[in-house]
Amino acid sequence: MSLRQSKSAILALAMTIVPITAVLAADLPNRETSIPETTNGVPHVQIGVQAVPELSEDLLRRVGELPGVTLGPTRVSLPGAVGFQLNEDHKTARPDVIVGGREFAHLHPDGSLHASLSPELAQEAIQKGWAVAHPWADQRKGWEGFVMIYTPATQDELNVVIQLVEQSYHFVTFGMVKE
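Shown next as structure tokens:
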């Protein structure tokens with residue numbers, strides 16, 4: 002096992018033992034800012050929303066710190082989107098929820114992102130104004146929790162978005178929501 006593989010395995014084990022700050026469906030706050038309008042087809046994007054560059058940079062930095070994740074050009078989205086790829090040696094418990102390759106989520110240039118959440122958390126995120134179901138969410142078994150999470154407008158909103166991305170990561174790699 003290489004040093005990189007060992008580090009990834011140790012960090013993954015630590016995440017199962019040491020709880021991460023997680024947003025569960027019951028704890029998800031209502032989003033305070035307005036819900037953006039989105040397209041109804043593919044490409045599935047927000048209309049008239051601009052990213053806050055500092056928030057997008059912070060999001061990418063924090064996602065890049067997840068064990069076994071590499072950031073790079075998306076394999077499934079628009080040009081300019083950043084894919085959140087699971088390394089080949091990283092365990093995947095729910096490959097059925099990944100839309101393409103090992104990309105469990107991606108960040109669009111407008112600051113929104115697509116991610117695979119547990120169906121329960123996806124429904125709660127939609128109800129509380131954080132997300133909208135992807136137009137293809139009902140097209141394939143396993144995609145019931147595939148959503149677009151809206152662009153965060155504040156640091157507090159970014160913290161919730163990052164927690165949702167962490168939940169996506171945990172759902173895809175461990176097969177459940179982290180408590």
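Converting from the sequence shown to the working numbering requires adding 1 to each position, the first position being numbered 1. Note that the Cβ used here is the ideal one computed from N, Cα and C, for glycine as well.
>> With a threshold of 7 Å on Cβ separation, who are the neighbours of L108 within its own chain once the five nearest residues in sequence on each side are excluded?
In response: Numbered from 1 along the sequence shown, position 107 holds the residue referred to as residue 108. Excluding residues up to 5 positions away in sequence, S57, L60, L61, A82, V83 and L114 lie with their Cβ nearer than 7 Å to the Cβ of L108 in the same chain.
> For N88 versus V70, is the C-beta distance shorter than 9 Å?
Replying inline: Sequence index remark: in the sequence shown, residue 88 carries index 87 (1-based). Sequence index remark: in the sequence shown, residue 70 carries index 69 (1-based). Yes; because the gap between Cβ atoms is below 9 Å, this pair is in contact.
> Considering only the beta carbon of each residue, do A123 and F147 sit closer than 9 Å?
Replying inline: The residue labelled residue 123 in the question sits at position 122 within the sequence shown. The residue labelled residue 147 in the question sits at position 146 within the sequence shown. Yes, Cβ-Cβ distance for A123 and F147 is below 9 Å.
> Is it right to say R103 is buried, meaning 16 or more other beta carbons lie within 10 angstroms of its own, or is it exposed?
Replying inline: As a working note, residue 103 is residue 102 in the sequence shown. Under this definition R103 is a buried residue.
> Buried or exposed: where does A154 fall if 16 or more other Cβ atoms within 10 Å of its Cβ makes it buried?
Replying inline: Taking the first residue of the sequence shown as position 1, residue 154 is located at position 153. Result: buried.
>> Comparing C-alpha positions only, which one of Q168, S117 and P68 sits nearest to L29?
In response: If you number the sequence shown from 1, residue 29 lands on position 28. Ranking the options by Cα distance to L29, first place goes to Q168.
> Applying the criterion that 16 or more other CB atoms from any shown protein chain within 10 Å of the CB defines a buried residue, is G112 buried or exposed?
Replying inline: Position 111 of the sequence shown, counted from the start, is the residue given in the question as residue 112. Around the C-beta of G112, 16 or more other C-beta atoms lie within 10 Å, and the residue is accordingly described as buried.
> Do you know offhand how far S119's Cα is from W137's?
Replying inline: Taking the first residue of the sequence shown as 1, we reach residue 119 at position 118. Taking the first residue of the sequence shown as 1, we reach residue 137 at position 136. Their Cα atoms are separated by approximately 16 Å.
> So what's S57 in DSSP terms, helix, strand or just coil?
Replying inline: Position 56 of the sequence shown, counting from 1, holds the residue named residue 57. In this structure, S57 counts as helix in the three-state DSSP scheme.
> So is S78 buried or exposed if we call it buried at 16+ other beta carbons inside 10 Å?
Replying inline: For the purposes of this step, residue 78 is identified with residue 77 of the sequence shown, where counting begins at 1. Its Cβ being crowded by 16 or more others within 10 Å, S78 is buried.
> How is A94 classed by DSSP in three states: helix, strand or coil?
Replying inline: Counted from its first residue, the sequence shown places residue 94 at position 93. DSSP places A94 in coil when its eight states are reduced to three.
> Can you check whether the CB of R95 is closer than 9 Å to the CB of Q86?
Replying inline: The sequence position of residue 86 within the sequence shown is 85, counting from 1. The sequence position of residue 95 within the sequence shown is 94, counting from 1. No, the Cβ-Cβ distance between Q86 and R95 is not below 9 Å.
> What is the DSSP secondary structure of S78, counted as helix, strand or coil?
Replying inline: Working through the sequence shown from its first residue, we reach residue 78 at position 77. Three-state DSSP puts S78 in coil, outside helix and strand.
>> Let's test the definition: count the other Cβ atoms within 10 Å of the Cβ of S35 and tell me whether it reaches 16, buried, or not, exposed.
In response: In the sequence shown, counting from the first residue as 1, residue 35 sits at position 34. Per the 10 Å Cβ criterion, exposed.
>> If I follow the unbroken alpha helix (DSSP H) through I163, where does it start and stop?
In response: As a first step, residue 163 must be located in the sequence shown, where it is residue number 162. Annotation: the continuous alpha helix (DSSP H) that includes I163 extends over Q156 to F175.
> Is DSSP giving L87 helix, strand or coil here?
Replying inline: For the purposes of this step, residue 87 is taken as the residue at position 86 of the sequence shown. Three-state DSSP puts L87 in a strand.
> For G65, which residues from the same chain have a beta carbon less than 6 Å from its beta carbon, with the 5 sequence-adjacent residues on both sides left out?
Replying inline: Residue 65 sits at position 64 when you count from the first residue of the sequence shown. Counting only Cβ-Cβ distances below 6 Å, and skipping sequence neighbours, we find L72.
> Roughly how many angstroms lie between the CA atoms of M149 and A132, to the nearest whole one?
Replying inline: Against the sequence shown, residue 149 aligns to sequence position 148. Against the sequence shown, residue 132 aligns to sequence position 131. Approximately 5 Å between the Cα atoms of the pair.
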